[in-house]
Amino acid sequence: MIVQLAKRDLKTKFGNFREILYYDGQTESIALVMGNVEAQENVFCRIHSSCISAHVFNSIKCECREEMETSQSLIEQKGQGIIIYLDQEGKGNGHLALMASIKHKKAGLSQNEAYKKVGFESDARSFRPAAEIFS
Ligand SMILES: [Zn+2]
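Residue 127 in this note's numbering is what sits at position 32 of the sequence shown, and the numbering runs on without skipping anything.
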């Protein structure tokens, strides 16, 4: 079961969000919320997984940073929305899996195939925390 641990206001380039931290006994997940979203219909939502390369190191090898910016921008325009950020680096396999798989990805394999090639699951993510936060 997921529990809410902390909450704060967060000013961003795309307006003011509420950052709500959850913990399910194993990992922390974050909901970034703008506007009144409780008991509403057709609320814009995005589920976003961590990406150290893009979010910390500004890598241009993936679209994670742009996807987050676009989501925040759309929510700002609508005045309402939710982004759920899941701590699932490397599709839940960790950063080592990502780094170890790069040579296979460069050789033409998909990211999922490249993870399997180096002994990890093709996609080890769990979306249970997101489902619990939404509910
Ligand atoms: Zn990325």
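Each residue gets a CB set at the ideal place from its N, CA and C atoms; glycine is no exception.
Under a three-way DSSP split, which group does residue i fall into?
{"i": "S148", "result": "helix"}
{"i": "M96", "result": "coil"}
{"i": "I155", "result": "coil"}
{"i": "A101", "result": "strand"}
{"i": "K106", "result": "strand"}
Spatial neighbours of residue i within its chain, please: C-beta separation below 7 Å, excluding the five flanking residues on both sides.
{"i": "L204", "result": "K212"}
{"i": "I147", "result": "E184, H190"}
{"i": "S154", "result": "S148"}
Determine the extent of the beta strand (DSSP E) in which residue i is found, giving its start and end residues.
{"i": "S221", "result": "No beta strand (DSSP E) holds S221; DSSP gives it neither H nor E."}
{"i": "N111", "result": "110 to 118"}
{"i": "E123", "result": "123 to 129"}
{"i": "L204", "result": "Premise fails: L204 is in no beta strand (DSSP E) and is neither H nor E."}
{"i": "G176", "result": "176 to 181"}
Is the Cβ-Cβ distance between residue i and residue j less than 8 Å?
{"i": "Y118", "j": "L100", "result": "yes"}
{"i": "V128", "j": "R113", "result": "yes"}
{"i": "Y210", "j": "S196", "result": "yes"}
{"i": "A225", "j": "L181", "result": "yes"}
Can you tell me where the alpha helix (DSSP H) with residue i in it begins and where it stops?
{"i": "E161", "result": "159 to 173"}
In chain order, what residues of the same chain have a beta carbon less than 8 Å from the beta carbon of residue i, not counting five sequence neighbours either side?
{"i": "V138", "result": "V132, Q175, G176, I177"}
{"i": "A202", "result": "none"}
Quiz item: Would you say the region 99 to 117 touches the region 165 to 181, given that touching needs at least three Cβ pairs under 8 Å?
Solution: yes
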